[in-house]
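A quick write-up on the structure given underneath.
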């Protein structure tokens, strides 16, 4: 008889490890590589152990999406607190958030995971759309201002994607100038 039944159970730790492994596979190998077998093998748990926490691949990806969105919302709320009240506050926080993570390797991995899930997992895409729709609503009803702020958001998204994909080599000085230009427009 094994001593496994006597071992202290740490379900939250196991769950976190499973989500970390899923994120790693998603970013390193692509969405097609995320399977229950691949996650269980890489995490060192049985497939049954994995399914104890996540009944299906959909449940696993939904939980990863939840984790990623919680992190995004926490960072967005912090960025929002740093902005003065008034028109453009939400857009400025979003722009800053898009520019803040370019040098943080773990944050870039998180960005890549969000993008991959949004592109390939319809429930994640729907959630991201709801987040963006709510953010745009916070910009107000003045049409000219709302259009300018949306343009700033779209530019920030483009910067975010370019950093995530390593598309453009942008040094820190130029990055700061681009950020200032967008913030001025906000």
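Residue numbers (my numbering): 75 to 260. Quick reminder that beta carbons are idealized off the backbone N, C-alpha and C, glycines included.
Got a sec? Which residues, its chain only, sit under 8 Å from residue i by beta carbon, not counting five neighbours each side?
i           : result
residue 138 : 93, 96, 97, 100, 187, 191
residue 225 : 259
residue 189 : 235, 238
residue 113 : 92, 95, 96, 99, 124, 134
residue 231 : 172
Please list, in chain order, all residues of the same chain as residue i whose beta carbon is under 7 Å from its beta carbon, the five residues on each side excluded.
i           : result
residue 184 : 142, 145
residue 223 : 162, 165, 213, 260
Take residue i as the anchor and find which of the options has the nearest alpha-carbon.
i           : options            : result
residue 227 : 255, 122, 246, 245 : 255
residue 150 : 248, 251, 246, 208 : 208
residue 136 : 194, 114, 233, 152 : 194
residue 118 : 89, 246, 199       : 89
residue 85  : 111, 127, 140, 245 : 127
residue 122 : 116, 110, 132      : 110
residue 102 : 182, 247, 152      : 182
residue 131 : 147, 107, 232, 148 : 107
residue 197 : 140, 180, 253, 219 : 140
Give every residue of the same chain whose Cβ lies closer than 6 Å to the Cβ of residue i, excluding the five residues on either side of it in the sequence, and list them in chain order.
i           : result
residue 157 : 163, 166, 167
residue 202 : 192
residue 104 : none
residue 81  : With a pLDDT of only 44 at residue 81, under the threshold of 50, the placement of this residue in the model should not be trusted; the figure read from the coordinates follows. Same-chain partners within the cutoff: there are none.
Quiz item: Counting Cβ pairs closer than 8 Å, one from the segment 234 to 249 and one from the segment 163 to 176, do we hit at least three?
Solution: yes
Quiz prompt | Runs of alpha helix (DSSP H) lying entirely within the segment 89 to 164, each at least 4 residues, in chain order | solution = 110 to 117, 121 to 127, 131 to 155
Quiz item: On the three-pair Cβ rule with 8 Å, is the segment 206 to 226 touching the segment 157 to 165?
Solution: yes
Self-check item: Uninterrupted beta strand (DSSP E) stretches inside the segment 212 to 253 (no shorter than 3 residues)
Solution: none
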